[in-house]
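Worksheet for the structure shown next.
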Amino acid sequence: MRLLTLVLPFLAAAATVSLPAASSVAAPLFVPAQGLHVQPVAQDPGAAAQALIQKLGDTATSALSDQSLNDTGRMSLFRKILAAHFDTPLVARFAAGRYWRAATPQQQSEYVKLYQQMILNVYSARFKNYSGQKFTVTGDRADGASGDIIVTSQVTGKGSPITVDWRVRNTGGADKIIDVMVEGVSMAITQRNDFASVIQQGGGQFTALIDYLRDGGTSDVKD
């Protein structure tokens with residue numbers, strides 16, 4: 124989680140421009156002439172996923188350099204980018220692990236809302252970490268087992284470059300980010316392990332995780 128807080132600020136301000144949904148990026152672009160049938164050409168899924176991540180990084184870097192934006196403005200922008208480009212309900216369910224199925228529908232609903240708010244709270248406090256780092260997409264690869272696209276990137280600035288991989292999944296016709304891997308460490312898996320510890324320390328009750336998130340979800344988790 125600590126490494127990710129150095130990376131996510133790049134995405135916080137990407138909503139300052141109107142970004143097409145991933146499905147629009149991948150859609151054929153053509154203007155049919157009268158009486159002429161034009162065969163659409165679909166964009167490669169990997170190229171579409173790369174374009175999504177690079178655009179987010181570029182626009183966020185530009186906006187984070189805008190001194191006219193205050194913390195409240197950046198918080199609002201991050202809320203928009205989270206809703207538009209991250210499948211947070213899916214990630215929340217994954218992070219809950221096997222305990223998700225044991226929760227009641229009411230608990231599940233409250234948990235997802237609290238999870239989304241926790242993400243906003245944690246990373247809105249990290250926006251000030253940005254100090255001119257550069258974000259560059261370096262490639263992509265297909266995950267044959269899941270059909271996901273892994274977009275590879277680097278964050279460069281002071282110190283050694285940080286390798287960041289983005290797992291992008293097409294859901295309902297739109298590309299969504301479902302995991303971020305910093306230096307090979309999956310943030311979704313790290314969070315699932317942390318949440319499992321919270322629940323186990325709470326006697327195996329899902330309510331322990333809900334209480335943890337109500338408190339902000341930022342306290343240290345014992346191993």
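Remember, our numbering sits 123 above the position in the sequence shown when you count from 1. Ideal placement from N, C-alpha and C gives every residue a C-beta, glycine not left out.
Among the options, which has the Cα closest to the Cα of residue i?
i: residue 184; options: 208, 258, 294, 236; result: 258
i: residue 254; options: 296, 188, 291; result: 188
i: residue 205; options: 299, 326, 269; result: 299
i: residue 262; options: 311, 224, 196, 273; result: 273
i: residue 311; options: 222, 264, 216; result: 216
i: residue 173; options: 236, 317, 289; result: 289
i: residue 333; options: 170, 304, 241, 309; result: 241
i: residue 315; options: 195, 220, 304, 265; result: 220
i: residue 199; options: 244, 329, 227; result: 244
i: residue 339; options: 238, 201, 282, 207; result: 238
i: residue 175; options: 329, 285, 293; result: 293
i: residue 329; options: 285, 222, 177; result: 222
At the level of alpha carbons, what is the spacing between residue i and residue j?
i: residue 212; j: residue 190; result: 32 Å
i: residue 322; j: residue 278; result: 34 Å
i: residue 193; j: residue 267; result: 42 Å
i: residue 231; j: residue 306; result: 31 Å
i: residue 270; j: residue 233; result: 30 Å
i: residue 388; j: residue 225; result: Residue 388 is absent from the model: the chain starts at 124 and stops at 346.
i: residue 218; j: residue 309; result: 11 Å
i: residue 208; j: residue 280; result: 25 Å
i: residue 317; j: residue 297; result: 29 Å
i: residue 202; j: residue 327; result: 31 Å
i: residue 335; j: residue 283; result: 34 Å
Take the Cβ of residue i as the centre, count every other Cβ of all protein chains shown within 10 Å, and call the residue buried at 16 or more, exposed below.
i: residue 214; result: buried
i: residue 180; result: buried
i: residue 276; result: buried
i: residue 229; result: exposed
i: residue 264; result: exposed
i: residue 337; result: exposed
i: residue 170; result: exposed
When you compare the CB positions of residue i and residue j, do they come within less than 8 Å of one another, or not?
i: residue 167; j: residue 301; result: no
i: residue 325; j: residue 319; result: no
i: residue 303; j: residue 291; result: no
i: residue 260; j: residue 177; result: yes
Does residue i come out as helix, strand or coil in the three-state DSSP assignment?
i: residue 227; result: coil
i: residue 281; result: coil
i: residue 293; result: strand
i: residue 66; result: Within the shown structure, residues of the chain are numbered from 124 to 346, placing residue 66 beyond reach of any answer.
i: residue 302; result: strand
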